[in-house]
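In this text, residue positions in the first sequence follow this note's numbering: the first is 8, and each later residue adds one. For glycine and all other residues, C-beta sits at the position ideal for the given N, C-alpha and C. This structure is a prediction, so every number in the text was calculated from the model and none was measured.
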Amino acid sequence: MQYWLLKSEPAAYSIDDLARDGRTPWDGVRNYQARNFMRDEMKVGDVIFFYHSNIKEPGIVGEGAVCSTPYPDETAFDAQDPHYDPKSSRESPRWYLVDICFKKKYACGLSLAQIRSVNNLCDMRVAQKGSRLSVTPVSKEHALVIRATVT
DNA sequence: GCCAACGTTGGC
DNA sequence: GCCAACGTTGGC
């Protein structure tokens, strides 16, 4: 089983939205590395650390799980959708996604500043300067430290 | 709101 | 295949 970190701007989709929905297709990702992780490496049951970005105090706020196999991102086919990509077609889809399910919202999460201040977490990809990738693998070691630190 | 860092596009 | 220009991300 693998661990992942998924970034989301809470204004667009927050952990509370996921708690309400229970399950959601992680659509709109338009980055090849992120797509490859979802399409080629994610497995049902993998753990998702849910990260809020682009806010005053960014950080990990809860957990979800991968709950589908990969399938094409429908929003790429919809000309009305902000993530429309005319180069993606049903015959030859360019973008793939998985569904993710809500697991828990932390009472006390882990801010980016905290992640950077913890010796065993400061080398997480998300803590690196200029890190923009919205889907990143998390090592088992990092996952254990995260889970031991949050409540 | 600023701006550095990054990924993508497209002309050549 | 290079690389300048552009758009976006995301911390601050």
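Item                                                                                                                                                               : Value
Measuring straight from C-alpha to C-alpha, what distance separates R139 and W11?                                                                                  : 15 Å
What number of angstroms, rounded off, separates the C-alpha of R30 from the C-alpha of G52?                                                                       : 13 Å
Pick from F57, Y91, D92: whose alpha carbon is nearest that of S118?                                                                                               : F57
For the beta strand (DSSP E) that contains I62, what are its first and last residues?                                                                              : Here I62 belongs to no beta strand (DSSP E), and DSSP marks it neither H nor E.
When you compare each of D47, A41, I67 to R123 by their alpha carbons, which one comes out closest?                                                                : I67
Ends of the beta strand (DSSP E) at R30?                                                                                                                           : 30-32
Quick check for students: name the residue ranges of the beta strand (DSSP E) that lie wholly in the stretch 31-106, counting only runs of 3 or more.              : 54-59, 66-73
Are the Cβ atoms of S141 and V36 separated by less than 8 Å?                                                                                                       : yes
Whole-angstrom Cβ separation of G71 and F109, contact assumed at under 8 Å?                                                                                        : 6 Å
Spatial neighbours of Y113 within its chain, please: CB distance less than 8 Å, with the 5 preceding and 5 following residues excluded, ordered by chain position. : I67, V68, G69, E70, V157, T158
Closest to E16 by CA distance: which of M49, K50, P65 is it?                                                                                                       : P65
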